[in-house]
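One structure is given here, and the rest of the page talks about it.
6 protein chains.
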Amino acid sequence: MILRVDSLQTALPPPSDPDPAGASAVQELLGGKFGEMSTWLNYTFQSFNFRSRQGARPYYDLLCSIATEEFGHVELVSTTVNTMLTGASPIDDGRAPAASLAGVKGIGNPHHFIAGGQGALPQNSQGRPWNGDYVFSSGDLVEDLTHNFFLETGARNNKLKVYEMVEHPAARALTGYLLVRGGVHQVAYARALERLTGADLMKLFPAPRIPTDKIPECKPHIKAGEHLKLYRFSEKDFTESGAVFNGPHPETGEDLFVAEEPHPEGAPAHDLPPQPAVFAPSFAPEEIVEIANKLRDKAGLPKRPAGNVA
Amino acid sequence: MILRVDSLQTALPPPSDPDPAGASAVQELLGGKFGEMSTWLNYTFQSFNFRSRQGARPYYDLLCSIATEEFGHVELVSTTVNTMLTGASPIDDGRAPAASLAGVKGIGNPHHFIAGGQGALPQNSQGRPWNGDYVFSSGDLVEDLTHNFFLETGARNNKLKVYEMVEHPAARALTGYLLVRGGVHQVAYARALERLTGADLMKLFPAPRIPTDKIPECKPHIKAGEHLKLYRFSEKDFTESGAVFNGPHPETGEDLFVAEEPHPEGAPAHDLPPQPAVFAPSFAPEEIVEIANKLRDKAGLPKRPAGNVA
Amino acid sequence: MILRVDSLQTALPPPSDPDPAGASAVQELLGGKFGEMSTWLNYTFQSFNFRSRQGARPYYDLLCSIATEEFGHVELVSTTVNTMLTGASPIDDGRAPAASLAGVKGIGNPHHFIAGGQGALPQNSQGRPWNGDYVFSSGDLVEDLTHNFFLETGARNNKLKVYEMVEHPAARALTGYLLVRGGVHQVAYARALERLTGADLMKLFPAPRIPTDKIPECKPHIKAGEHLKLYRFSEKDFTESGAVFNGPHPETGEDLFVAEEPHPEGAPAHDLPPQPAVFAPSFAPEEIVEIANKLRDKAGLPKRPAGNVA
Amino acid sequence: MILRVDSLQTALPPPSDPDPAGASAVQELLGGKFGEMSTWLNYTFQSFNFRSRQGARPYYDLLCSIATEEFGHVELVSTTVNTMLTGASPIDDGRAPAASLAGVKGIGNPHHFIAGGQGALPQNSQGRPWNGDYVFSSGDLVEDLTHNFFLETGARNNKLKVYEMVEHPAARALTGYLLVRGGVHQVAYARALERLTGADLMKLFPAPRIPTDKIPECKPHIKAGEHLKLYRFSEKDFTESGAVFNGPHPETGEDLFVAEEPHPEGAPAHDLPPQPAVFAPSFAPEEIVEIANKLRDKAGLPKRPAGNVA
Amino acid sequence: MILRVDSLQTALPPPSDPDPAGASAVQELLGGKFGEMSTWLNYTFQSFNFRSRQGARPYYDLLCSIATEEFGHVELVSTTVNTMLTGASPIDDGRAPAASLAGVKGIGNPHHFIAGGQGALPQNSQGRPWNGDYVFSSGDLVEDLTHNFFLETGARNNKLKVYEMVEHPAARALTGYLLVRGGVHQVAYARALERLTGADLMKLFPAPRIPTDKIPECKPHIKAGEHLKLYRFSEKDFTESGAVFNGPHPETGEDLFVAEEPHPEGAPAHDLPPQPAVFAPSFAPEEIVEIANKLRDKAGLPKRPAGNVA
Amino acid sequence: MILRVDSLQTALPPPSDPDPAGASAVQELLGGKFGEMSTWLNYTFQSFNFRSRQGARPYYDLLCSIATEEFGHVELVSTTVNTMLTGASPIDDGRAPAASLAGVKGIGNPHHFIAGGQGALPQNSQGRPWNGDYVFSSGDLVEDLTHNFFLETGARNNKLKVYEMVEHPAARALTGYLLVRGGVHQVAYARALERLTGADLMKLFPAPRIPTDKIPECKPHIKAGEHLKLYRFSEKDFTESGAVFNGPHPETGEDLFVAEEPHPEGAPAHDLPPQPAVFAPSFAPEEIVEIANKLRDKAGLPKRPAGNVA
């Protein structure tokens with residue numbers, strides 16, 4: 001089972017100029033074949049299906065920790081998409097009946113506006129839904145690790161491409177962080193294969209062949225050492241992955257290690273404003289707030305919501 | 001972000017007689033339109049896309065807590081499928097080259113054996129992959145809650161049908177638990193709508209019109225009060241849902257409440273044995289164990305793995 | 001727009017021995033690429049998209065009349081599936097909680113029981129959903145007619161195969177009727193092409209190369225002349241198709257003609273009994289009846305329902 | 001079975017400035033998950049699969065009447081798409097070989113031009129085909145009605161969004177009408193649930209929370225009382241739905257009722273002109289007309305086609 | 001089995017101004033329902049599944065020869081897409097980290113850049129993947145030929161539309177060639193049906209009703225007689241198709257014949273330059289070349305690569 | 001472009017006892033994610049999209065040669081499926097109208113009988129169609145090779161599983177051959193990566209961890225040295241792959257090499273008999289033969305067909 005923490009793994013900027021075409025491209029990192037839903041659900045299913053867990057405990061622990069981190073990546077991409085879509089319909093006078101969505105006709109993914117409330121979708125950059133065929137879970141440990149290394153390589157490719165295509169500050173902050181943390185996973189699976197078989201995949205790094213530290217938005221995270229450590233993403237469990245995740249980083253030679261703290265400190269999300277033109281959270285959002293306040297009062301909650309927002 | 005606990009939300013029985021045809025049916029509760037992947041990912045995406053969180057905090061918290069519980073349901077269904085498939089290929093002398101899968105030719109979902117390692121898949125009872133079109137996230141709070149109530153109703157239907165179709169002990173333990181906990185979610189969304197709009201959906205219970213307490217495998221969970229409480233599924237966050245989740249249970253009249261403990265105590269999973277005929281975790285599983293033991297030794301870990309298994 | 005008549009186009013037998021595996025095969029005629037949903041929706045979309053209707057009126061009228069008949073074919077296949085599934089779960093003591101669906105585990109399409117209420121689905125014989133890619137509507141009249149002739153040829157093939165595979169009386173009654181009426185459509189499109197271009201497709205009949213009158217269940221319909229006439233399926237409209245649909249039948253030499261009556265007399269459907277194990281129409285169907293009776297009373301309706309059933 | 005009337009349920013404007021990007025958006029109302037194909041086919045399949053029809057006759061009749069109306073909605077959306085695409089390729093000199101489609105490269109749905117003849121497709125606003133997974137037909141009456149209420153709510157959302165996005169006169173006329181008539185269906189299913197279970201859903205209206213009478217294009221239909229009445233859409237059948245469809249409208253308090261006339265008077269469609277650049281109905285449309293005229297002469301039909309066009 | 005020749009079937013122009021929106025449209029001819037993957041794989045599967053080959057040898061040979069030619073058509077469309085995408089990202093200074101793909105955000109198929117390396121994909125003009133439902137292989141020779149004639153008719157429609165939409169020189173060269181050679185296949189299947197059944201389909205030509213010789217880019221190929229001959233596409237086999245493929249061409253009256261040479265002379269492809277912004281073949285393409293040169297040296301190969309390029 | 005040779009790459013046994021359930025499982029090797037259509041089309045698209053061919057010629061040549069061999073593998077799997085289905089419907093008296101398919105109701109893939117003529121389909125073992133999302137063609141050489149190694153690993157897994165599940169002689173002959181030849185491709189891609197980057201993947205062999213020479217049906221091919229050589233599959237082209245494909249085989253230590261002969265000698269296919277119950281090639285196959293003979297006579301062909309059959 002899992003527990004949720006009401007924080008993002010890293011800080012993302014607040015809404016600025018909306019960029020629906022860019023948000024449509026960023027969706028590839030969410031619902032694409034190599035998007036974060038894929039990394040998340042591949043490793044999650046592999047962990048559910050892991051046989052002989054005690055016999056191969058360090059591998060099981062590694063898989064579980066990485067799987068759990070990926071949820072946070074899905075959350076980050078979703079938040080980025082939402083940030084980029086904020087303001088794409090007029091907020092003040094954008095309420096129907098009007099042509100408040102006329103400005104986005106023919107731009108980006110129409111489901112961002114028609115099906116959703118200017119929010120993220122489990123779709124790729126073409127508007128096609130993520131599907132379960134993107135999950136590989138053979139149960140054969142060597143194969144699953146081989147797959148996972150390949151998957152991370154494809155994911156790194158897509159992150160770099162989206163970086164090049166979308167200049168929106170949220171997209172750049174996102175890809176800067178994901179490239180560093182995805183890089184850790186790419187190394188982790190290669191090292192896991194090495195430890196299991198003796199094969200040496202380290203010369204495949206970096207793949208694609210552009211070093212991560214050339215990306216300006218990656219540098220602060222590298223400086224903070226985020227490219228070297230694996231978080232357990234558990235208060236108490238999954239303590240043995242260090243038996244596999246160790247040795248030199250293939251690009252920098254620094255030592256890989258498992259962090260003592262269970263997870264990165266993280267940062268609260270921005271409380272994204274209503275978009276009444278798409279009824280999110282309502283055509284009349286102020287009514288929702290009023291009702292919620294009454295319910296909170298009645299329940300004896302303090303006036304200020306307990307939530308964690310930027 | 002999330003943290004993972006290496007336990008199931010409830011205990012499931014160990015492998016007994018394999019039932020691949022039954023496992024194929026149970027997949028509907030995993031990757032079907034109304035399966036646990038759907039409830040999980042619907043509420044998760046809705047939570048990512050929630051605008052005006054502070055303004056509608058009790059609703060956001062309710063959604064996040066339920067979403068987080070659903071991960072555990074996906075884990076339970078996956079574990080059930082794995083349990084039911086264990087032993088479906090011969091374990092001792094079942095290694096290729098032989099006809100060790102001849103006994104399951106034409107039975108159940110062929111991907112359980114050919115694509116997977118006698119493990120769960122993100123597919124439904126027909127072998128079709130789960131896909132993102134099953135996610136509804138309009139951003140409109142009234143609509144999303146209406147959807148969620150409907151989704152839980154469809155999910156309850158499917159759980160009852162699988163209960164009737166599959167007599168394997170793991171499937172019965174699973175559906176007994178899910179019917180009780182899914183029932184809490186069905187009530188939660190109906191009550192949330194009631195609190196938001198004044199509409200009264202309580203007379204729609206039970207839907208389908210068979211009371212949960214008629215199912216023998218539900219009774220122990222009802223006796224333990226699991227039909228009345230919402231867990232926050234967070235150490236510290238999501239503390240306001242009690243402003244919405246309260247009042248009488250529509251079937252029993254007892255008071256609904258938010259649990260003080262963050263999550264159910266849970267139970268460790270069984271360490272399911274290797275199935276060498278399908279190379280899970282290897283054609284020669286003993287080699288994996290030997291390598292893992294060496295790595296554990298080298299890392300200074302104790303002889304006995306730290307993992308949490310039944 | 002359309003009006004509905006509460007009758008089937010031909011009589012179908014009442015439920016007898018259930019045949020879920022056969023019902024799964026019959027689904028090909030409903031939701032398969034060449035099933036009745038395809039013929040129905042192909043011609044319907046072509047009729048919506050028909051440009052220069054007045055200029056090519058006889059063609060437009062022909063298309064509309066055939067499209068409208070196809071709805072009735074979809075209804076007939078659905079009714080057949082429902083008839084074949086009736087009784088597949090125990091009726092008297094089949095109510096959950098029990099193993100009332102254990103007898104159909106691994107047999108036929110699991111969605112007939114888990115997703116549906118022992119009812120027809122828009123799926124093919126493999127359980128895959130019908131989809132819009134099966135519709136061809138180029139707007140080019142010669143091409144659309146060429147397509148339609150091919151579609152009817154593929155449909156005839158599938159009907160013959162299902163006839164050979166499924167011996168259930170309802171399936172045989174269904175295919176016997178559909179082969180005759182589908183044959184009229186196959187001829188109609190070939191003749192329409194002939195009238196438009198001068199090409200002679202008549203020697204392509206029969207395709208596949210088994211004459212319809214060799215099928216025993218077709219004979220009564222042929223004897224009744226159903227292989228020769230086109231119904232307008234409209235009280236007043238679509239009166240010009242006779243300008244195209246005329247001349248000799250390619251197999252019998254008899255004259256083709258447009259019927260004076262708007263539609264076949266038809267026959268009422270059987271009122272298929274509840275299947276409480278799958279909650280159709282409820283776990284406790286007698287309650288539905290009781291409520292309905294009260295509503296009918298209150299509305300001043302006579303005791304005996306006005307409906308048209310066999 | 002059904003009969004077809006060669007009229008639209010309401011008048012739509014003739015072609016004006018083409019709007020292929022808008023037509024692409026309008027497709028959501030046709031082939032989207034909440035489009036008219038979905039409402040149509042959901043209710044149609046539910047009606048085919050309805051068990052115990054006599055016992056629950058008012059519900060069966062309600063379902064059949066609404067299902068039958070939905071065909072007309074599909075026809076209206078298709079006609080709107082066709083109207084908006086008319087003129088998007090040059091008509092006079094637009095015949096190949098030329099670059100007559102160069103002006104629409106990269107605009108809207110490419111299948112409108114490449115696959116189709118500037119005509120409607122069973123696809124959504126992203127160009128993805130409608131599919132049978134959008135149909136819910138559980139056979140459980142309470143569940144099916146719950147679904148239908150939700151489906152109509154989602155459909156209303158999408159209609160409002162398309163209204164806001166597309167200002168083309170045909171799109172506005174379309175959505176104005178559909179919002180009113182779809183609103184009747186939304187109420188009908190909520191009331192049907194209320195009558196069956198006692199649950200009160202009326203406070204969920206309007207959902208989304210913008211009253212229909214704020215939409216200028218809805219007002220004439222409201223003034224004509226179209227928001228209050230259910231048509232039977234049958235000459236003689238489906239006479240009992242008034243036992244369910246009655247009581248006050250949730251927004252206006254006026255009485256709901258079943259119309260005496262079987263269907264709205266309707267209006268003829270415009271005879272949309274050929275688009276020779278896409279070969280609709282031909283590269284040389286005048287040849288088709290010439291042939292049709294000869295066939296009509298030969299058949300003794302009057303010079304003026306009998307068809308019903310605006 | 002097959003052998004490959006490192007040449008295109010006809011010459012295509014070198015890269016000029018990139019046209020990503022046009023490349024997206026051209027994809028319909030590759031991965032669309034009527035694209036070259038469909039013609040290729042339909043005939044290939046039909047040839048694999050051909051029963052009684054010796055008994056119907058001329059038909060088998062015809063099918064195999066056409067199937068084999070279609071591979072070359074897929075190659076031509078792919079090459080065209082690649083040519084049109086070349087230069088769409090900056091080549092000299094386009095390497096990441098930069099915004100080298102910002103210029104194509106929102107233009108064409110995003111997978112051309114994010115998933116691929118500015119290269120062709122098995123997708124249609126909407127970015128949807130080709131799938132096996134597009135293959136028809138009934139095994140019934142009359143039906144398969146009827147289908148193939150229809151398929152070629154739809155394919156000709158799509159080629160003409162793409163011709164009209166895309167003015168890029170590579171697209172025009174492509175469609176000019178494909179219209180002529182696809183026209184041969186369209187005639188071949190019609191004639192094959194004629195020889196098998198006596199039906200006369202010749203008056204269906206041309207379909208769509210625009211003669212091929214009106215297309216300027218077709219004229220050189222017609223002048224070279226490419227509209228009349230069938231190539232065997234085999235050094236030694238498939239020698240009997242002339243028993244079926246003969247008689248007059250339906251549009252010109254000239255004699256159809258089987259070429260003596262096994263295949264057209266063809267032309268080498270251009271060696272398309274690297275696109276480092278998308279890592280094709282690498283972020284640092286010069287390193288690949290350096291490595292390849294070393295490997296070639298070590299293997300004793302001459303300095304100049306043996307390859308066949310324009 | 002390609003040329004076709006009317007031979008299989010290896011001999012397959014003639015039809016024996018039909019095995020439709022086994023044929024359904026074998027389909028995974030045809031249309032599954034890791035089936036031969038996937039290997040074939042992945043490498044083929046990668047070859048079409050290869051930029052800087054001259055600069056990286058040995059890699060291009062390697063890719064083209066392997067791609068071309070894969071066509072032959074698709075042909076072999078298709079032939080195996082056809083062989084296994086032969087006889088599944090009665091041949092002598094199996095003609096409709098009869099229940100000649102009743103014996104296969106509910107067994108295997110229904111499309112083998114209803115949609116096809118007891119022939120292979122582009123579908124997997126679940127009856128789902130192959131689709132273009134299974135193709136990976138990033139253009140980045142390191143990534144594409146990484147993918148291809150992974151793909152071959154997954155393919156080897158599936159071949160081993162099908163071997164274990166299906167004992168039919170044709171399936172065993174097929175998998176015995178494919179395991180050996182697929183093994184060459186698996187090695188080739190690993191070695192290509194090694195030569196390009198210096199990474200050493202050889203210790204990953206065998207994956208899955210069962211040596212190929214333990215499979216009895218592989219032994220004759222290993223004895224013939226088929227596990228060591230790469231065929232160019234071209235009369236004259238693709239001559240440089242030996243610069244990459246060389247060095248020791250990872251399991252046996254023997255030298256890898258490029259064969260001098262362009263392709264294996266191969267073996268003719270059996271001329272599979274008609275299956276009149278499914279109209280392949282006709283309900284009355286003798287008529288087809290008679291017509292073909294007349295056409296052959298008229299064309300002056302010798303009495304005995306020129307074809308190449310076993």
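Protein chains in written order, with this note's numbering: chain A, 1 to 310; chain B, 1 to 310; chain S, 1 to 310; chain G, 1 to 310; chain Y, 1 to 310; chain V, 1 to 310.
The beta-carbon is built from N, C-alpha and C at its ideal position, and this holds for glycine as well.
Everything numeric in this text was worked out from a predicted model, so none of it was measured.
If we count the other Cβ atoms within 10 Å of its Cβ and call it buried at 16 or more, is residue 240 of chain S buried or exposed? When all chains shown are included, residue 240 of chain S counts as buried.
Name the residue from Y/184, Y/113 and Y/173 whose alpha carbon lies nearest to the alpha carbon of residue 163 of chain A. Distance from the Cα of residue 163 of chain A is smallest, within the candidate group Y/184, Y/113 and Y/173, for Y/113.
Can you pull out the residues from the region 132-143 of chain S whose beta carbon lies closer than 9 Å to at least one beta carbon of chain Y? Those residues of the region 132-143 of chain S placed with their C-beta closer than 9 Å to a C-beta in chain Y are 133, 134, 136, 138, 140, 142 and 143, ordered along the chain.
Residue 29 of chain V beta carbon less than 8 Å from that of residue 135 of chain V: No. Outside cutoff.
Measure the alpha-carbon distance for residue 265 of chain V versus residue 157 of chain Y and round it to whole angstroms. Distance between residue 265 of chain V and residue 157 of chain Y, taken at the CA atoms: about 42 Å.
Determine the extent of the beta strand (DSSP E) in which residue 4 of chain Y is found, giving its start and end residues. Residues 2-4.
Report all residues from its chain with a CB closer than 8 Å to the CB of residue 216 of chain S; omit the five preceding and five following residues, and keep chain order. Within the same chain, residue 216 of chain S has close Cβ partners 176.
Whole-Å CB distance - residue 307 of chain B paired with residue 51 of chain A, under 8 Å assumed: Between residue 51 of chain A and residue 307 of chain B the Cβ distance is about 13 Å, and since that is not below 8 Å, they are no contact.
Just checking my contact of residue 123 of chain B with residue 109 of chain B at CB under 8 Å: how many whole Å lie between their CB atoms? Between residue 123 of chain B and residue 109 of chain B the beta-carbon gap is near 7 Å, inside 8 Å, which marks them as a contact.
Alpha carbon to alpha carbon, what distance is there between residue 305 of chain Y and residue 237 of chain V? Separation of residue 237 of chain V and residue 305 of chain Y (C-alpha to C-alpha, rounded to the nearest whole angstrom) is 11 Å.
Starting from the beta carbon of residue 100 of chain A, find every residue of chain G whose beta carbon is closer than 9 Å, and list them in chain order. For residue 100 of chain A, the C-beta contacts it makes with chain G under 9 Å involve 164 and 165, in order along the chain.
To the nearest whole angstrom, what separates the beta carbons of residue 142 of chain S and residue 196 of chain S, a pair I think is in contact under 8 Å? Contact between residue 142 of chain S and residue 196 of chain S holds, since their C-beta atoms are separated by about 6 Å, short of 8 Å.
For residue 306 of chain V, decide whether its Cβ has a neighbour in chain Y, counting only Cβ atoms nearer than 8 Å. At least one chain Y Cβ lies under 8 Å of residue 306 of chain V.
Would you say the region 71-82 of chain B touches the region 246-255 of chain B, given that touching needs at least three Cβ pairs under 8 Å? Result no; under three Cβ-Cβ pairs closer than 8 Å.
Taking 8 Å as the CB-CB cut-off, is residue 125 of chain Y touching chain G? For residue 125 of chain Y, the answer is yes, since a Cβ of chain G falls inside 8 Å of its Cβ.
C-beta contact flag for residue 180 of chain A and residue 212 of chain A at 8 Å: Yes, the pair counts as a contact, with Cβ atoms nearer than the cut-off.
If we count Cβ pairs, one from each stretch, closer than 8 Å, do we get three or more for the region 219-237 of chain Y versus the region 56-69 of chain Y? Contact holds between the region 219-237 of chain Y and the region 56-69 of chain Y, because three or more Cβ pairs, one in each stretch, are under 8 Å apart.
Would you say residue 222 of chain Y reaches chain G, if we count a Cβ-Cβ gap shorter than 8 Å as a contact? It does not; no Cβ of chain G falls within 8 Å.
Which one of A/138, A/284 and A/199 has the shortest CA to CA distance from residue 155 of chain V? Residue A/138 holds the alpha-carbon nearest to the alpha-carbon of residue 155 of chain V among A/138, A/284 and A/199.
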